[in-house]
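Single-structure report; data block below.
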Amino acid sequence: MAAAMPLALLVLLLLGPGGWCLAEPPRDSLREELVITPLPSGDVAATFQFRTRWDSELQREGDTDHYFLRYAVLPREVVCTENLTPWKKLLPCSSKAGLSVLLKADRLFHTSYHSQAVHIRPVCRNARCTSISWELRQTLSVVFDAFITGQGKKDWSLFRMFSRTLTEPCPLASESRVYVDITTYNQDNETLEVHPPPTTTYQDVILGTRKTYAIYDLLDTAMINNSRNLNIQLKWKRPPENGYIHYQPAQDRLQPHLLEMLIQLPANSVTKVSI
């Protein structure tokens, strides 16, 4: 019932004066997703989308059981840049579980770009559209600047972007996923690596460009239970540069063996050379 009430309040506005709604909680559903797109410039774009579908009947008149009847009035409330209200109040789990735990206002409003929206629309349940459902779609898009938020580094993680990690899905969600764009851009011969390994991968063609996404399913219990939290890490790596190797064999009574190697070792690494 809790998932239906925020949407029911919005629909009451559409019904006009004297409108009422009959809410039936077993048919409510929530789908949430987060799409992370690393850009060749080092910036990262993140888009949240929450879809709450409400299959309860909405009527203007007729008999109804008063136990299922709720009457409410929505006051006007401006968008608050300190706590994301009232936008966040419409989420079934608020910011307590699921992808919404990443909605930390002080991180989101210090990004290079920010946009949020709310859409409500009727959706036909069958081909003849004899009955309809109501869908509430909430979107939030931000772009993290590599030189401001990322301190000039191109490596990212959920904790670095949102100062939080994912711990559990929203109990009301029928779908809760994170998509990471791992398409190879061939920018300075760099490759993008993600950790931990994704649940699966998915390919799609968007505006004529084939995209590859790593998918993390929060409803997969193994994904969360293995580490008790999910902190997706994105690292840009370059292939090792060609080293220099020179070998000169020994000559009896003239010179010893000579081996020259020029290699580049990463920081905090262990390298073994055997001959």
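Residues -23 to -1, 1 to 252 in mature numbering (1 follows the signal peptide of the UniProt record, and there is no 0) are what the sequence shown lists, from first letter to last.
Backbone N, C-alpha and C fix where the C-beta goes; we use that ideal spot for every residue, glycine too.
Note that this is a predicted model, so its numbers are computed, not measured.
Using the Cβ count rule (16 or more neighbours within 10 Å means buried), how would you classify residue i?
i: Ser18; result: exposed
i: Leu184; result: exposed
i: Ala244; result: exposed
i: Cys101; result: exposed
i: Ala199; result: exposed
i: Cys70; result: buried
i: Ala104; result: exposed
i: Pro175; result: buried
i: Ala74; result: buried
i: Ala23; result: buried
i: Asp229; result: exposed
What residues match up with residue i in a beta bridge as DSSP calls it?
i: His223; result: Glu237
i: Cys101; result: Ile109
Is the distance from the Cβ of residue i to the Cβ of residue j below 8 Å?
i: residue 274; j: Leu235; result: The shown model of the chain, from -23 to 252, leaves out residue 274, and the question about it has no answer.
i: Thr160; j: Thr189; result: yes
i: Leu76; j: Leu11; result: yes
i: Thr177; j: Ile201; result: no
i: Arg8; j: Ser151; result: yes
i: Gln93; j: Trp133; result: no
Between the options, which has its C-alpha nearest residue i's C-alpha?
i: Gln241; options: Val182, Tyr193 and Tyr221; result: Tyr221
i: His87; options: Ala191, Ser251 and Phe121; result: Phe121
i: Leu195; options: Cys147, Asp229, Val182 and Gln232; result: Cys147
i: Asp83; options: Val247, Met138 and Arg98; result: Met138
i: Trp31; options: Leu61, Pro99, Ala23 and Glu59; result: Pro99
i: Lys131; options: Pro15, Asn60 and Ser108; result: Pro15
i: Ile97; options: Pro233, Leu67 and Arg230; result: Leu67
i: Leu223; options: Glu237, Gln232, Leu135 and Pro233; result: Position check: residue 223 holds His in this sequence, whereas Leu was assumed. Cα-wise, what sits closest to His223 is Glu237.
task = Determine contact between the segment 199 to 213 and the segment 165 to 179, defined as no fewer than three beta-carbon pairs at a distance below 8 Å.
result = yes
ask   = Would you call the segment 20 to 33 and the segment 107 to 120 touching, i.e. three or more CB-CB distances under 8 Å?
value = yes
request  = Give a yes or no on contact between the segment 151 to 158 and the segment 193 to 208, applying the rule of three or more CB pairs nearer than 8 Å.
outcome  = yes
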